[in-house]
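Colleague: Questions regarding the structure given below will be posed in turn.
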Ligand SMILES: Cc1cc2nc3c(=O)[nH]c(=O)nc-3n(C[C@H](O)[C@H](O)[C@H](O)COP(=O)(O)O)c2cc1C
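In this note's numbering, the protein residues as written are 163 to 544.
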């Protein structure tokens with residue numbers, strides 16, 4: 163039962179990496195996270211020269227919503243990149259974990275200079291970020307700019323043999339962009355960055371919740387998980403290079419879904435940023451439990467791409483969900499969710515009320531999703 167995996171020739175002790183952002187400005191957060199099963203760090207996206215007006219991030223910089231999702235308007239390294247050169251890289255290397263340097267892919271000269279500098283230190287991969295949603299809205303959307311991607315790949319591929327991962331976000335051009343990156347020598351695609359821009363308004367003041375001009379920030383966390391999963395599935399069915407999944411991963415089940423969709427490994431940001439580094443301990447424990455309960459899978463690698471070939475046809479019928487009597491409390495939440503009048507609550511003498519599924523049921527599965535999760539009293543029948 164092994165959690166070891168790799169992305170190309172970057173070897174990882176678990177499939178869990180810390181994604182780029184404020185908590186990877188310095189190695190400190192990672193040094194704690196790696197004791198709980200996080201296997202590598204992607205640094206904050208570094209620029210050689212940060213324009214003076216971008217050394218400060220507008221405030222508020224975060225707006226958390228629905229507990230597990232957020233908007234942010236950060237825009238790059240607040241500390242000088244040289245801190246990674248002076249001590250950050252060596253601090254990570256002392257743990258034995260690979261270090262991945264994220265670079266802003268906007269300024270190609272600066273990108274090349276940083277690649278050449280960090281190559282001398284023997285870093286394990288470069289992740290090039292061309293997909294920040296709110297910075298794209300302010301300064302030009304590189305995430306859909308095929309010409310810029312071509313220039314970028316031709317330039318950076320010439321200066322290094324170290325693996326280059328290209329980080330893309332969801333867009334209508336995701337697949338053509340990824341194919342172009344692969345054709346020009348990218349070693350992996352990381353998907354997704356924040357999605358957006360999005361916006362939230364404080365109704366007391368009618369002002370946007372974020373301090374950034376224009377009010378738009380990148381959406382991350384649970385809200386984007388299904389989009390990220392879809393992207394990973396599409397990419398990994400299309401490309402030959404590995405795909406690293408990112409976006410809304412909080413649990414072992416989320417990781418398993420990403421692997422089944424075709425990710426070779428995953429990155430997390432919002433979950434560790436909001437819940438702390440121990441989130442990696444819960445996830446690694448959950449992955450080990452899943453492998454122990456499913457001995458046909460010897461390792462997490464056996465899960466990669468299992469969903470491929472399983473989406474080729476529409477399915478028009480499925481068995482009805484089943485109510486587990488011993489777990490149902492008769493709370494009636496499922497009844498509200500049923501648009502097909504197929505659920506009712508039956509009162510039973512000396513026993514809890516019980517949800518009963520009738521012949522109107524068309525197996526839409528809405529009730530499965532709304533049943534309060536600690537009970538899981540309505541199960542999809544397999
Ligand atoms: C506050 C914040 C700062 C971020 N900064 C960067 C960055 O510098 N470079 C980058 O490639 N992605 C950055 N991201 C995007 C994350 O690395 C990640 O792709 C995104 O948050 C989706 O994953 P998640 O839902 O697990 O957070 C940032 C995200 C947040 C929330």
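Even for Gly, the Cβ is constructed at its ideal location relative to N, Cα and C.
(1) Buried or exposed for residue 391, please, with buried defined as at least 16 other CB atoms from any protein chain shown within 10 angstroms of its CB.
(2) Kindly indicate which residue of 451, 540, 464 has the alpha-carbon position closest to the one of residue 495.
(3) Please state if the CB of residue 223 and the CB of residue 234 are separated by a distance shorter than 8 angstroms.
(4) With DSSP run on the structure shown, which of helix, strand or coil describes residue 220?
(5) Helix, strand or coil: which one does DSSP assign to residue 227?
(6) Going residue by residue through the region 335-408, where are the continuous beta strand (DSSP E) segments of at least 3 residues, counting only ones entirely within it?
(7) Residue 203 bridges to which residues according to DSSP?
(8) Considering only their Cβ atoms, is the gap separating residue 241 from residue 317 smaller than 8 angstroms?
(9) Return the first residue and the last residue of the beta strand (DSSP E) that residue 174 is part of.
(10) Quick one: any contact between the region 419-430 and the region 462-470, if contact means 3 or more CB pairs under 8 angstroms?
(11) Residue 429 bridges to which residues according to DSSP?
(12) Assuming residue 287 contacts residue 324 under a Cβ cut-off of 8 angstroms, what Cβ separation, rounded to an integer in Å, is found between them?
(13) Determine whether the beta carbon atoms of residue 408 and residue 354 lie at a separation below 8 angstroms.
(14) Terminal residues of the continuous alpha helix (DSSP H) containing residue 423?
(15) Leaving out five residues on either side along the sequence, give the residues of the same chain with a beta carbon under 6 angstroms from the beta carbon of residue 453.
(16) Let me check understanding here. Comparing Cα to Cα, which of 334, 352, 337 lies closest to residue 291?
Modeller: Taking the structure as given:
(1) Taking the chain shown and counting its residues from 1, one reaches residue 391 at position 229. So residue 391 counts as buried.
(2) The residue given as residue 495 occupies position 333 in the chain shown. Residue 495 has its Cα closest to that of 540, out of 451, 540, 464.
(3) What you label residue 234 is simply residue 72 of the chain shown in a count that begins at 1. What you label residue 223 is simply residue 61 of the chain shown in a count that begins at 1. Yes, the Cβ-Cβ distance between residue 234 and residue 223 is below 8 angstroms.
(4) Working through the chain shown from its first residue, we reach residue 220 at position 58. Residue state, collapsed to three classes: coil.
(5) Indexing the chain shown from 1 puts residue 227 at position 65. Strand.
(6) With a minimum length of 3 residues, the unbroken runs of beta strand (DSSP E) contained wholly in the region 335-408 fall at 350-353, 357-360, 379-383, 405-408.
(7) Mapped onto the chain shown, residue 203 falls at position 41. Answer by DSSP bridge pairing, in chain order: 180, 261.
(8) If you number the chain shown from 1, residue 317 lands on position 155. If you number the chain shown from 1, residue 241 lands on position 79. The answer is no: Cβ separation not under 8 angstroms.
(9) As a first step, residue 174 is located in the chain shown; it is residue number 12 there, counting from the start. Run containing residue 174: 172-174, per the beta strand (DSSP E) assignment.
(10) The region 419-430 vs the region 462-470: in contact.
(11) As a first step, residue 429 is located in the chain shown; it is residue number 267 there, counting from the start. For residue 429, which the question treats as bridged, DSSP gives the partners 179, 408.
(12) Within the chain shown, residue 287 is the residue found at index 125, counting from 1. Within the chain shown, residue 324 is the residue found at index 162, counting from 1. About 6 angstroms separates the beta carbon of residue 287 from that of residue 324, a gap short enough to meet the 8 angstroms contact definition.
(13) Counted from its first residue, the chain shown places residue 408 at position 246. Counted from its first residue, the chain shown places residue 354 at position 192. Their beta carbons are under 8 angstroms apart, which means residue 408 touches residue 354 by this criterion.
(14) Within the chain shown, residue 423 is the residue found at index 261, counting from 1. First-last of the alpha helix (DSSP H) with residue 423: 414-423.
(15) Within the chain shown, numbered from 1, the residue matching residue 453 stands at position 291. Once the five neighbours on either side are set aside, the close Cβ partners of residue 453 are 163, 459.
(16) Mapped onto the chain shown, residue 291 falls at position 129. When each option's Cα is compared against that of residue 291, the closest is 352.
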